[in-house]
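Heads up, the sequence shown is in our numbering, so the first residue is 2 and it goes up one at a time.
All C-beta atoms, glycine included, are put in the ideal place defined by N, C-alpha and C.
To keep things clear, I will list the structure first and then write my remarks on it.
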Amino acid sequence: MFNFDASGLAGRFWRALAVIGLGLALALPVAAQTTPAVDDPRGGISTLPEVLDARVTATPERARLILDLSGPTEFAIVSLSGPDRIAVDVKSTGTEIAVPPDVAGGGIVSRYRVELAEPGRVRTTLELAAPSQVQQAYILDAVGDQPARLVVDLITDTPERFAERVAADLAASAANQGVPPSALSTDPGTHGGDLTVRPLVVIDPGHGGIDNGASAPNGVHEKNITLAFALDLQKLLVESGRYDVALTREDDTYLTLSDRVALARANKADLFISLHADTFQQPEIRGASVYTRDENATDVLDKVLAENENRYDIVAGFTLPTTEPVVADILLDLMRREMRKSSFIAAQALVRQLEPSVTMRRFPVRQADFFVLQAPDVPSILVELGFLSNAADIANLQKSDWRQRVVAALARGVADYFDALNTPAAP
Ligand SMILES: [Zn+2]
């Protein structure tokens, strides 16, 4: 079996494009999704990027491989047995890195190694402690201070299905020996399958109109940044075909915080995402984070952010909404707790997809008393995209390629959240 490893088999399955948002139930047979390599006539190994760093994190349910690259490249993935492993090949000149072979934590990947398998191909071999499949794999272009990356997420699978994939990859390899592979791509727009009722995602671009929100020293206003992100996120979610998507505002208009909450509730939103990019008095604070609501949050920075945010209604000439009445109704209380749980799951899903893509704050899933997250019947989260008080964040927030990267990660997170809802919890 091991000489199979070195056969160059995976060279038949290169692909350049991301395969994203496939979800738990729709995890791909990766070999069948690949497209043939497009050979660069001038291309030589010297034009390929280098693998700069590799890291693997694993839990008993999932694992993630991140390769830092000196530039985007093509990759291929194959399942192998004896021992069970998943090999990830990238077209690359090579690598200088030395990784610690053992993966801590008793997760589904126990060990891994990164090596030059042949000139122009670096192979990362993930040794599996449990049968696994690729949930998603994608290339991120370099943006700002963040290098290009390959991200591969694994989730557990049954031994039978793993064995089937090993056999299929082997057969595909044999069938492709010496024969140019035909394009076997599946239309990525149809992953939603037969969903008849699409969940409604309401995106709330923070601030607007007379309320500029935060402002950077260079005069950039938060309201314009949040709207640009919201419009791009809406586009991406609509294109996936899985959701109905609405915005609380589509242009530079003013809405109170109560208006925003009311819009989400009246339309029975399945997920409410408020987008912000605020400031803080310490300019070194930077990075993205995702908030759920908690009136009793204790972190000072979080408190200040929420208080400032809640105050914008006063700035705009509206009184601060009255605090909610004491909850007498136990059903309402139960509903609220349920929504908090869902909101937290959504925040985790978004952070999980943002983490490999962009700089995050430490402990990026956070709680604060944001008034705009108060709907008791709509899972609600607030994304702080970055800080308009930090120079690096200001630069990123204005770059369209950085915005695309963030929006793609948010869209993957939304997909993961709805997939998690549709997956029965383990007993
Ligand atoms: Zn804001």
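Suppose the cutoff is 8 Å on Cβ atoms and the five residues either side in sequence are ignored; what does the same chain contact list for residue i look like?
| i | result |
| --- | --- |
| Arg254 | According to the sequence provided, residue 254 is Thr. The question's Arg does not apply to it. Within the same chain, Thr254 has close Cβ partners Gly209, Gly210. |
| Tyr313 | His208, Asp212, Gly214, Leu258 |
| Ala298 | Lys304, Ala307, Arg367, Gln368, Ala369, Asp370 |
| Glu128 | Pro84, Asp85, Arg86, Val110, Ser111, Arg112, Tyr113 |
| Met361 | Gly288, Ala289, Ser290, Val352, Leu355 |
| Asp69 | Val52, Leu53, Asp54, Ala55, Pro148, Ala149, Arg150 |
Please confirm whether residue i and residue j have their CB atoms less than 7 Å apart.
| i | j | result |
| --- | --- | --- |
| Leu155 | Ala217 | no |
| Asp146 | Ile98 | no |
| Leu398 | Ala278 | yes |
| Val144 | Asp402 | yes |
| Ser390 | Phe230 | no |
| Val221 | Gln235 | no |
| Val100 | Val115 | yes |
| Ala412 | Leu237 | yes |
| Val57 | Phe76 | no |
| Asp252 | Val408 | no |
Can you tell me which of the three DSSP states residue i falls into?
| i | result |
| --- | --- |
| Tyr244 | coil |
| Val167 | helix |
| Pro428 | Model confidence at Pro428 stands at a pLDDT of 47, short of 50, so the residue's coordinates are unreliable; what they give is reported in the following sentence. Pro428 falls in the coil class under three-state DSSP. |
| Ser111 | strand |
| Lys236 | helix |
| Ile78 | strand |
| Pro73 | coil |
| Leu49 | coil |
| Leu374 | helix |
| Val91 | strand |
| Glu223 | helix |
| Val202 | strand |
| Phe388 | coil |
| Tyr313 | helix |
| Ile346 | helix |
| Thr187 | Its pLDDT being 33, under 50, Thr187 is placed unreliably by the model, and the measurement read from it follows with that caveat. In the structure shown, Thr187 sits in coil (DSSP, three-state: anything other than H, G, I, E or B). |
| Asp158 | coil |
| Leu25 | With a pLDDT of 26 at Leu25, under the threshold of 50, the modelled position of this residue cannot be trusted; read the value that follows with caution. Three-state DSSP puts Leu25 in coil, outside helix and strand. |
| Glu296 | coil |
| Glu116 | strand |
| Ala369 | strand |
| Ala173 | helix |
| Ala278 | coil |
| Leu231 | Rather than Leu, the amino acid found at residue 231 in this sequence is Ala. Residue state, collapsed to three classes: helix. |
| Asp394 | helix |
| Pro37 | Because the pLDDT of Pro37 is 36, which lies under 50, any placement of that residue in the model is unreliable, and the number read from its coordinates should be weighed accordingly. The answer is coil: DSSP assigns Pro37 none of H, G, I, E or B. |
| Val153 | strand |
| Asp271 | coil |
| Asp54 | strand |
Got a sec, what are the start and stop residues for the alpha helix (DSSP H) residue i sits in?
| i | result |
| --- | --- |
| Val408 | 401-423 |
| Ala105 | Element bounds for Ala105: n/a, residue is neither H nor E. |
| Ser259 | 258-267 |
Could you give the C-beta distance for residue i and residue j, rounded to a whole number, given that I count them as a contact under 8 Å?
| i | j | result |
| --- | --- | --- |
| Ala80 | Asp170 | The question names Ala, yet the displayed sequence has Ser at residue 80. About 5 Å; that satisfies the 8 Å criterion. |
| Val373 | Asp205 | 7 Å |
| Leu383 | Tyr292 | 4 Å |
| Val167 | Ser82 | 5 Å |
| Val415 | Ala265 | Actually they do not touch by this definition, with Cβ atoms about 15 Å apart. |
| Val202 | Asp271 | 7 Å |
| Ser381 | Ser358 | Not a contact, Cβ separation roughly 23 Å. |
| Thr227 | Leu302 | Not a contact, Cβ separation roughly 20 Å. |
Using C-beta distances below 7 Å, list every residue in its chain close to residue i, excluding the 5 sequence neighbours before and after it, in chain order.
| i | result |
| --- | --- |
| Gly95 | Glu51, Leu117, Val123 |
| Ala131 | Ile109, Thr157 |
| Ala176 | none |
| Gln349 | Val366 |
| Val262 | Val373, Gln375, Ala376 |
| Ala347 | Leu272, Pro380, Ile382, Tyr418 |
To which residues of the same chain is residue i closer than 6 Å at the C-beta, ignoring the five residues directly before and after it?
| i | result |
| --- | --- |
| Ser133 | Ile109, Leu155, Thr157, Asp158 |
| Asp41 | Because the pLDDT of Asp41 is 45, which lies under 50, any placement of that residue in the model is unreliable, and the number read from its coordinates should be weighed accordingly. No residues qualify anywhere along the chain. |
| Phe163 | Pro132 |
| Lys224 | His208, Gly209, Asn213, Gly214 |
| Tyr244 | Arg199, Pro200, Val202, Leu238 |
Which residue comes first and which comes last in the beta strand (DSSP E) that contains residue i?
| i | result |
| --- | --- |
| Arg287 | Looking at the DSSP string, Arg287 is not in any beta strand (DSSP E), and its letter there is neither H nor E. |
| Ser358 | Where Ser358 is concerned, there is no enclosing beta strand (DSSP E), given that its DSSP letter is neither H nor E. |
| Arg250 | Careful: Arg250 lies outside any beta strand (DSSP E) and carries neither H nor E. |
| Ile140 | 133-141 |
| Thr125 | 122-129 |
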